[in-house]
Structure formats: C-alpha cells, structure tokens
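When the letters of the sequence shown are read in order and numbered with mature numbering (1 follows the signal peptide of the UniProt record, and there is no 0), they come out as residues -20 to -1, 1 to 71.
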Amino acid sequence: MKINKIILGLSILFSLTACQMSEGAKQSKQDERAELAKVEKDKNYICRTVKKTGSNMYTRRCITKEAHQREKESAHNAMSELNRSWNKNGG
C-alpha cells in the first residue's frame, strides 16, 4: 500500500515536471519567432529559408549583410582554388 502511494506520487511529480518543461519549450519557440520577426524587418539582415543537407526540414536563417558578403567571398575563393588545382593537375 505504501509503495502504491510512492509510485502514484512519483508519477504525478514526473507528469507535472513534463508539463512545465513543454511550457518552457513553447515559450522559447515564441521568443524565437518574435526575435526572427524583429530581425526580418531590419534592413541590415538578409533572411532566407534553407534546407539542411540530408534533411527535409526547412529553417529560416538570418545573417547580417556583412556576414553574407564574407560567406559569398569565401565560397567564391574556394571555387577559384578548386578550379586552379583542377586545371593544374590536367583535369
């Protein structure tokens, strides 16, 4: 009888904890959406919907214009280097 009360008490405790954790996750998601909406209105940011390689889920990615330019230059330099090594080796 005492064990049943302990098990019942623990199950209620775990249930309440799980509910509290999901509320925190919901609040976090709402905060994230609010922040994203604020950033999308800012003219210094570029926002795009991207799909991670190997995944079917799309996410919204916002970066500053300067960071976007650095990424673009880095990708261009990597492609140029790849082309140089390809041509140098007789490809």
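Positions of the beta carbon are idealized from the N, C-alpha and C atoms, including for glycine.
- Asn67 and His56 have their alpha carbons spaced roughly 16 Å apart.
- Cβ neighbours of Lys9 within its own chain (closer than 7 Å, five residues either side excluded): none.
- Here the C-alpha atom of Leu16 lies approximately 14 Å from the C-alpha atom of Gln7.
- The beta strand (DSSP E) runs lying completely inside the region 14 to 63 and spanning 3 residues or more are 25 to 31 and 38 to 44, given in chain order.
- Around Ile26, the same chain offers Cys42, Ile43, Thr44, Lys45 and His48 as residues with beta carbons nearer than 8 Å, after the five sequence neighbours per side are excluded.
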